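Protein chains in written order, with the working numbering: chain P, 484 to 616; chain X, 484 to 616. All residues carry an ideal CB built from backbone N, CA and C; glycine is no exception. Here the structure is a predicted model, which is why all the values come from computation and not from measurement.
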DNA sequence: CTAATTGCAAAAGCTTTGCAGCGCA
DNA sequence: TGCGCTGCAAAGCTTTTGCAATTAG
């Protein structure tokens, strides 16, 4: 379980790390800001400092357990690394984040980089959308 | 010239606005942060406050003269609105920014949003690439 | 002349860091 | 026990805001 994941990541198994990892795994919302994580922990009666949340999330990112996004200006959003790559849609009205997978777009990106004499290392694609009524 | 663009944007023609717009039009680097603009103005002997740079860039954005990007966390990047929409490639080694246009990707994005019941308002696509040798 | 704009400094929001004490291995 | 980790508070950064003075129309 979480215990093992932390060890594999080369991180000491501490209470704050376990709490944060468990929260990320159990939360119904996959995309959380550091502040979100902090508030959820407080609400759950867990006593963890905000600075620790930031430090732990950054460590998780380095360990590959978590991905950091910059969907919106002002604050980062963290998400557990998922098995399959996906991109994101963000609703401009509700800030809801929707994941999607599209192989054509992935292929096109590689093709575009190649056409310019480059190798694709990574990419960031966010669609800002509004619900159709 | 710039004078006219400001009027058309419904903005009073003031010295700071002219200086900033001229700088954006004449700079060899199309992609600048507020701090970049501020420092370039200072270097050019122009006396404009940083707060004014932020305010003016935000007004330019509202007026559609400029586009704000969040390529990296920490600070926004501004670019004069260009006639044709384009996306960006950033070389991970040199930080060089390359613009590209790809209609297929644009169309796919609309299609994906539609398929999920949404209307595409905007998007952000950045390819992080490395020069092939 | 009047209202908009500017510059400064202070404040705001997110994130990082220094340091003393606590806790895992 | 020793080193890493945590919490708190303070500091750092980018960006915004309040306010008096300045400027455009």
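(request) Indicate whether residue 525(P) and residue 504(P) have their beta-carbon atoms separated by less than 8 Å. (result) Counted from its first residue, the first chain places residue 525(P) at position 42. Counted from its first residue, the first chain places residue 504(P) at position 21. Cβ distance not < 8 Å, so residue 525(P) and residue 504(P) don't count as in contact.
(message) Could you pull the DSSP bridge partners for residue 602(X) from this structure?
(response) If you number the second chain from 1, residue 602(X) lands on position 119. Residue pairing from DSSP places residue 602(X) in a beta bridge opposite 613(P).
(message) Once the 5 residues before and after residue 580(P) are set aside, which same chain residues still bring their CB inside 6 Å of it?
(response) In the first chain, residue 580(P) corresponds to position 97, counting from 1. Within the same chain, residue 580(P) has close Cβ partners 514, 571, 573.
(request) May I ask you to list, following chain order, the residues of the stretch 587-610 of chain X that have a beta carbon less than 7 Å from some beta carbon of chain P? (result) Correct list: 587, 588, 591, 592, 595, 596, 599, 600, 601, 602, 603, 604, 605, 606, 607, 608, 609, 610.
(message) Which of the three DSSP states is assigned to residue 518(X) in this structure?
(response) Walking along the second chain from the start, residue 518(X) turns up at place 35. DSSP places residue 518(X) in helix when its eight states are reduced to three.
(message) Can you check whether the C-beta of residue 559(P) is within less than 8 Å of a C-beta belonging to chain X?
(response) As a first step, residue 559(P) must be located in the first chain, where it is residue number 76. Chain X contact via Cβ: present.
(request) Please go through the same chain and pick out, in chain order, the residues whose beta-carbon is closer than 7 Å to the beta-carbon of residue 551(X), but skip the five residues on each side of it. (result) As a working mapping, residue 551(X) is identified with position 68 in the second chain. 544, 559, 561, listed in sequence order.
(message) Under 8 Å, Cβ to Cβ, is there at least one residue of chain X near residue 539(P)?
(response) Counting from 1 along the first chain, the entry for residue 539(P) is found at position 56. Chain X, which has no Cβ nearer than 8 Å to the Cβ of residue 539(P), makes this no.
(message) Within a Cβ cutoff of 8 Å, which residues of the same chain sit near residue 585(P), ignoring the five residues on either side of it in sequence?
(response) If you number the first chain from 1, residue 585(P) lands on position 102. Cβ within range, chain order: 570.
(request) Decide if residue 502(P) is buried, meaning its Cβ has at least 16 other Cβ atoms within 10 Å, or exposed. (result) The residue labelled residue 502(P) in the question sits at position 19 within the first chain. So residue 502(P) ends up on the buried side.
(request) Check each residue of the stretch 553-580 of chain X: if its Cβ is closer than 8 Å to any Cβ of chain P, include it; give the result in chain order. (result) Taking a C-beta cut-off of 8 Å against chain P, the contacting residues of the stretch 553-580 of chain X are 553, 555, 556, 559, 572, 574, 575, listed in chain order.
(request) Drop a sphere of 10 angstroms on the beta-carbon of residue 608(P), count the other beta-carbons inside from all chains shown, and report buried for 16 or more, exposed for fewer. (result) Counted from its first residue, the first chain places residue 608(P) at position 125. Answer is buried; the Cβ neighbour count reaches 16.
(request) Determine the burial state of residue 548(P): buried for a count of at least 16 other Cβ atoms within 10 Å of its Cβ, exposed for fewer. (result) The count along the first chain starts at 1 and reaches residue 548(P) at position 65. Answer is buried; the Cβ neighbour count reaches 16.
(request) For residue 585(P), go through chain X and note every residue whose CB falls closer than 8 Å to its CB, in chain order. (result) In the first chain, the residue the question calls residue 585(P) occupies position 102. Result: 591, 595.
(request) To the nearest angstrom, report how far apart residue 536(P) and residue 519(P) are at their CA atoms. (result) By one-based count along the first chain, residue 536(P) stands at place 53. By one-based count along the first chain, residue 519(P) stands at place 36. Rounded to whole angstroms, residue 536(P) to residue 519(P) spans 10 Å at the Cα level.
(message) I'd like to know if residue 549(P) contacts chain X, where contact means its C-beta is closer than 8 Å to some C-beta of that chain.
(response) The residue you call residue 549(P) lines up with position 66 of the first chain. Contacts with chain X at 8 Å (Cβ-Cβ) do not include residue 549(P).
(message) Which residues in chain P have a C-beta closer than 7 Å to the C-beta of residue 613(X)? List them in chain order.
(response) Taking the second chain and counting its residues from 1, the one referred to as residue 613(X) is at position 130. Under the 7 Å cutoff, chain P gives 601, 602, 604.
(message) Contact between the stretch 591-610 of chain P and the stretch 493-500 of chain X is defined here as three or more beta-carbon pairs at a separation below 8 Å; is this criterion met?
(response) no
(request) Quick one: residues in its chain with C-beta nearer than 6 Å to the C-beta of residue 521(X), no 5 flanking neighbours on either side, listed in chain order? (result) For this step, residue 521(X) is matched to residue 38 along the second chain. Correct list, in chain order: 533, 536.
(request) Could you spell out the range, first to last residue, of the beta strand (DSSP E) harbouring residue 580(X)? (result) The count along the second chain starts at 1 and reaches residue 580(X) at position 97. Its beta strand (DSSP E) spans residues 580-583.
(request) Specify the secondary structure class of residue 607(P) as computed by DSSP and reduced to three states. (result) To locate residue 607(P), count along the first chain from 1; it is residue 124. Looking at residue 607(P) - three-state DSSP - the assignment turns out to be strand.
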